[in-house]
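Just below is one structure, and these are the notes that go with it.
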Amino acid sequence: MCTGSDRASPLPTEVVIVTAARSFGAPTAQSVQFAEAYAAEDIVLQTARSLAHEVGLAAVSPGAGSVLSVLTAAGSAKAVVEIGTGTGVSGVWLLRGMRADGVLTTIDVENEHQRIARRIFQEAGFAASRTRIITGRALDVLPRLADGVYDLVFVDADATEFGACADAALRLLRRGGILVVNGALAGGRISDPSARDVDTITIRETVKAVRESEDWIPAVVPTGAGLLVAVKR
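The following block contains the structure:
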């Protein structure tokens with residue numbers, strides 16, 4: 008006969024709560040606007056953006072800029088190449104995510120735009136030693152840069168040069184380095200088979216080539232003009 012002290016303690020009761028999967032649905036125009044506004048820009052970036060508009064340039068959106076900062080910060084980037092200096096909008100976003108001793112090599116054919124960018128970088132608090140500003144055509148400059156030493160290559164250039172710039176990035180980046188191409192959605196035409204203009208065809212071919220290459224782990228981020236992001240294996 009078992010006494011009270013001999014009785015086994017009851018097993019604990021396991022409770023499992025199952026809830027229905029919650030669907031948030033596709034993003035709306037309002038949610039896209041919220042995502043862009045979430046990336047607040049200070050007076051320096053606002054000034055750089057205004058100057059870009061004055062000279063007829065389309066700078067990266069605040070949302071796309073914030074992605075650049077996140078990527079450079081996540082990779083603790085020290086050496087970054089930017090193709091398309093513009094008035095310094097994307098350069099400031101990149102520099103703000105990079106290591107304090109990091110150097111941004113930025114290339115553009117327009118010396119006047121780079122003059123503006125140099126002032127913007129200074130106003131943003133970056134020492135001149137943090138940037139290497141090279142005037143020239145990217146496809147002429149890139150072959151002179153060292154192999155396998157860069158953490159990130161950002162391409163914001165003429166769409167017809169996307170493929171060549173992506174090929175160059177594969178050589179320039181270290182293993183685990185990141186390629187980012189701005190304008191990957193081709194102004195919304197990327198998935199439209201009737202869009203056969205040169206820019207759209209080139210962008211479409213570049214996006215496809217990166218996706219099918221064993222050298223890259225790619226994704227398309229639908230922010231701003233669209234970012235093709237790929238990590239070098």
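Residues 8 to 240, numbered by the working numbering, are exactly what the sequence shown covers, in order.
Yeah, the Cβ is synthetic: ideal placement off N, Cα and C, and Gly gets one too.
Here the structure is a predicted model, which is why all the values come from computation and not from measurement.
- Between V88 and T112 the beta-carbon gap is near 5 Å, inside 8 Å, which marks them as a contact.
- Restricting attention to E219, I210 and S220, the CA atom closest to the CA of L234 is found in I210.
- Taking a C-beta distance under 8 Å as the contact criterion, T94 and A124 qualify as a contact pair.
- One Cα belongs to L177, the other to E21, and the distance between them is close to 53 Å.
- If you draw a straight line from the Cα of P150 to the Cα of V160, it comes to about 14 Å.
- Apart from sequence neighbours up to five positions away, the residues of its chain that approach V51 with a beta-carbon distance below 8 Å are V99, I127, E130 and A131, ordered along the chain.
- One thing to note: V236 has its Cβ within 8 Å of the Cβ of P225.
- An exposed status is given to D49, since fewer than 16 other beta-carbon atoms sit within 10 Å of its beta-carbon.
- Residues of the same chain with a CB within less than 6 Å of the CB of R56, apart from the 5 flanking positions on each side, are A66 and V96 in chain order.
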